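Numbering (our numbering), first residue to last: 30 to 337.
Even glycine gets a Cβ: it sits at the ideal position worked out from N, Cα and C.
These figures come from a predicted structure and were not determined experimentally.
Okay, here's the thing in structure tokens:
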């Protein structure tokens, strides 16, 4: 039996899935199986995966969502550890080796994440995020209550199989917040760790689920309602404030400056004080006002020129 089951949920990512599979096949750690769960793809995904059928276990299901595909993969897995890789992401070659070494050195740890690189649709490097290195479970939980800790997203996580037997499967009703929900549930019962080193490449492109910002806001609010209703008022207000801070950054990255500004002010309404170490709302607001002012001045100047 393999030691690690690598689960790749797939939906219409035929242009990326080959790179994802190859990044697993190129691992320096070899004791694994690859499980691809096709969530009803209508593009060339199945044809691409079929080239790897001697190296990959392939399962097809009717379109049921990302969480359902992961849950299907977990139910098919034979390994003692479960690793996830989204079909549009990539692993660095030493990813599994370094995380499995960390497990062997710390048998009390049940889940390990890592830092990550953000790449564009063509694989070009955009930025790097170091993992949040901490062994104190209370600190992890306190931070997860407010926001998602940098951990390589689902593509960075390796988890002992027994965790799912205890906390259950991914919540299929949560959509884009299912990762945060699962890691939070595991961290409440088990010791977790995150390696600082970036061992994953997360692809940022127009089809990412988190680009649907209203959907992300809705699902993050569902997470708060599910887990934080018994927390103190300032924890809840901080958590809601961070939802809109994160939305402001996403809107800004998409060039939607007005929505970014509105979201930043929504965040301040929920919690006007500093939310976390990465809270840069005032810097973002000043930047947005500057962009708006320059745009207005340029527009006025252009109008004056056209009238002359």
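Quick one: is residue 154 buried, meaning 16 or more other Cβ sit within 10 Å of its Cβ, or exposed?
Taking the chain shown and counting its residues from 1, one reaches residue 154 at position 125. It counts as exposed.
Note down the Cα distance separating residue 63 from residue 160, rounded to an integer number of angstroms.
Here residue 63 corresponds to residue number 34 of the chain shown, with the count starting at 1. Here residue 160 corresponds to residue number 131 of the chain shown, with the count starting at 1. Computed Cα separation, rounded: 25 Å.
Less than 7 Å between the C-beta atoms of residue 108 and residue 166, yes or no?
For the purposes of this step, residue 108 is taken as residue 79 along the chain shown, with counting starting at 1. For the purposes of this step, residue 166 is taken as residue 137 along the chain shown, with counting starting at 1. By the CB criterion at 7 Å, residue 108 and residue 166 fall outside the cutoff.
Neighbourhood of residue 326 by C-beta distance below 6 Å, restricted to the same chain and skipping five residues each side:
Locating residue 326 in the chain shown gives position 297, counting from the first residue. Note that residue 326 scores a pLDDT of 44, beneath 50, so its modelled location is shaky; the value from the coordinates is reported in the next line. For residue 326, where only same-chain residues beyond five positions count, there are no Cβ hits under 6 Å.
What alpha helix (DSSP H) runs, 4 residues minimum, are completely inside the stretch 258 to 311?
For the stretch 258 to 311, whole alpha helix (DSSP H) runs of length 4 or above, ordered along the chain, are 262 to 282, 286 to 299.
My assumption, with CB atoms under 8 Å, is that residue 116 sits in contact with residue 49. Please give the rounded CB distance.
Numbered from 1 along the chain shown, position 87 holds the residue referred to as residue 116. Numbered from 1 along the chain shown, position 20 holds the residue referred to as residue 49. Confirmed, Cβ separation roughly 5 Å.
Tell me the rounded alpha-carbon separation between residue 52 and residue 123.
Indexing the chain shown from 1 puts residue 52 at position 23. Indexing the chain shown from 1 puts residue 123 at position 94. Spanning the two alpha carbons is a distance of roughly 10 Å.
Pairing CB atoms from the stretch 169 to 188 with CB atoms from the stretch 206 to 222, are three or more of them under 8 Å?
Output reads yes: the stretch 206 to 222 touches the stretch 169 to 188.
Runs of 3 residues minimum, wholly inside the stretch 32 to 99: which ones carry the beta strand (DSSP E) assignment?
Correct list: 33 to 39, 61 to 67, 86 to 89.
From residue 217 to residue 257, what does the alpha carbon distance come to, in whole angstroms?
The residue you call residue 217 lines up with position 188 of the chain shown. The residue you call residue 257 lines up with position 228 of the chain shown. Going by the C-alpha atoms only, they are around 13 Å apart.
Counting pairs of beta carbons, one from the stretch 98 to 107 and one from the stretch 138 to 151, are three or more of them closer than 8 Å?
No, the stretch 98 to 107 does not touch the stretch 138 to 151.
Please state whether DSSP places residue 146 in a helix, a strand or coil.
Along the chain shown, read from residue 1 onward, the residue named residue 146 stands at position 117. Three-state result, residue 146: strand.
The stretch 214 to 234 touching the stretch 187 to 201, judged by at least three CB pairs closer than 8 Å
Segments in contact, yes.
By DSSP, does residue 107 sit in helix, in strand, or in coil?
Working through the chain shown from its first residue, we reach residue 107 at position 78. Coil.
Could you name the residues of the same chain whose beta carbon sits closer than 6 Å to that of residue 193, not counting the 5 residues immediately before and after it, in chain order?
What you label residue 193 is simply residue 164 of the chain shown in a count that begins at 1. Excluding positions up to five away in sequence, the list reads 103.
Taking residue 284 as the reference, which of 247, 235, 269 has the closest Cα?
In the chain shown, residue 284 corresponds to position 255, counting from 1. The shortest Cα separation from residue 284 among 247, 235, 269 belongs to 235.
Using the C-alpha atoms, what's the distance from residue 118 back to residue 230?
Translated into positions along the chain shown, residue 230 becomes position 201. Translated into positions along the chain shown, residue 118 becomes position 89. The C-alpha of residue 118 is placed about 6 Å away from the C-alpha of residue 230.
Within the continuous alpha helix (DSSP H) that includes residue 207, where are the two ends?
Walking along the chain shown from the start, residue 207 turns up at place 178. Looking at the DSSP string, the run of the alpha helix (DSSP H) that includes residue 207 is 207 to 218.
Endpoints, beta strand (DSSP E) assigned at residue 154:
Locating residue 154 in the chain shown gives position 125, where the first residue counts as 1. In the DSSP assignment, residue 154 falls within the unbroken beta strand (DSSP E) covering 154 to 158.
Helix, strand or coil for residue 227 per DSSP?
For the purposes of this step, residue 227 is identified with residue 198 of the chain shown, where counting begins at 1. DSSP places residue 227 in the strand class (E or B) of the three-state scheme.
Counted within 10 angstroms of its Cβ, other Cβ atoms place residue 287 as buried (16 or more) or exposed:
As a first step, residue 287 is located in the chain shown; it is residue number 258 there, counting from the start. Answer is exposed; the Cβ neighbour count stays below 16.
If we count the other Cβ atoms within 10 Å of its Cβ and call it buried at 16 or more, is residue 168 buried or exposed?
Translated into positions along the chain shown, residue 168 becomes position 139. By the beta-carbon neighbour count (other beta carbons within 10 angstroms, threshold 16), residue 168 is exposed.
Residue of 308, 316, 267, 304 minimising C-alpha distance to residue 281
Here residue 281 refers to the residue found at position 252 of the chain shown. It is 316 whose Cα lies nearest to the Cα of residue 281.
Would you decide whether residue 227 is buried or exposed? Buried here means 16 or more other CB atoms lie within 10 Å of its CB.
On the chain shown, residue 227 is found 198 positions in, with the first residue counted as 1. Classification for residue 227: buried.
Work out the CA separation of residue 68 and residue 92 for me, nearest whole Å.
Here residue 92 refers to the residue found at position 63 of the chain shown. Here residue 68 refers to the residue found at position 39 of the chain shown. Their backbone Cα atoms lie some 5 Å apart in a straight line.
Through-space distance from residue 294 to residue 106, alpha-carbon basis:
Within the chain shown, numbered from 1, the residue matching residue 106 stands at position 77. Within the chain shown, numbered from 1, the residue matching residue 294 stands at position 265. So the two alpha carbons sit approximately 45 Å from each other.
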